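In numbering that gives the first Met the number 0, the protein residues as written are 0 to 148. The structure appears below as structure tokens.
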Amino acid sequence: MQIELTVNDKLVTWDVENDEFLADTLRAHGFLSVKKACDTSCCGLCTVWMDGKPILSCSILAMRAHGKKITTIEGVSQAAEEFARILTAEGAEQCGFCSPGFIMNVLAMKNELDNPTEDEIIHYLTGNLCRCTGYMGQLRAVKTYLGVA
């Protein structure tokens with residue numbers, strides 16, 4: 000089937016299989032920041048935005064993106080780089096495998112929540128798994144980026 004969607008502000012038309020997941024479609028078209036790791040929709044590595052809201056692209060069929068606006072980390076590179084610098088300064092970047100999905104969720108949180116509490120930040124980011132850190136550096140980086148104490 001053929002779908003038409005906007006990816007990072009560029010209108011595209013792609014052929015997809017009926018059972019193809021959006022994460023696989025995006026990767027097949029060169030958006031390699033979109034990763035799959037858990038095969039259970041639990042790790043957050045495949046996070047992209049659909050119409051401005053974070054979704055797990057490994058659990059959404061590509062055909063559901065027809066007519067939608069999809070944003071990957073490549074589409075928000077300036078904001079992503081800004082947060083990544085803070086993440087690095089806090090010593091929380093580690094291997095970086097989880098970073099694209101994590102960063103997409105942090106940027107979405109900045110757009111959605113005003114002055115979140117630490118508990119709200121933790122709740123928002125619960126679905127992001129990192130195998131390298133104890134999350135404290137990441138939490139410090141998020142709080143610094145959001146300007147909350």
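Quick reminder that beta carbons are idealized off the backbone N, C-alpha and C, glycines included. Keep in mind the model is a prediction, meaning the values are calculated, not measured.
| Check | Outcome |
| --- | --- |
| Look at residue 89 and residue 130 and say whether their C-beta atoms are less than 8 Å apart. | no |
| Which stretch, first to last residue, makes up the beta strand (DSSP E) that contains residue 14? | 9–14 |
| Within 8 Å, do at least three Cβ pairs link the stretch 118–129 to the stretch 70–90? | no |
| For residue 107, is the classification buried or exposed, using 16 other Cβ atoms within 10 angstroms of its Cβ as the cut-off for buried? | buried |
| Pick from 85, 104, 10 and 96: whose alpha carbon is nearest that of residue 143? | 85 |
| Is residue 58 near residue 33, with beta carbons less than 8 Å apart? | no |
| Thinking C-alpha only, which one of 9, 8, 118 and 42 is nearest residue 101? | 42 |
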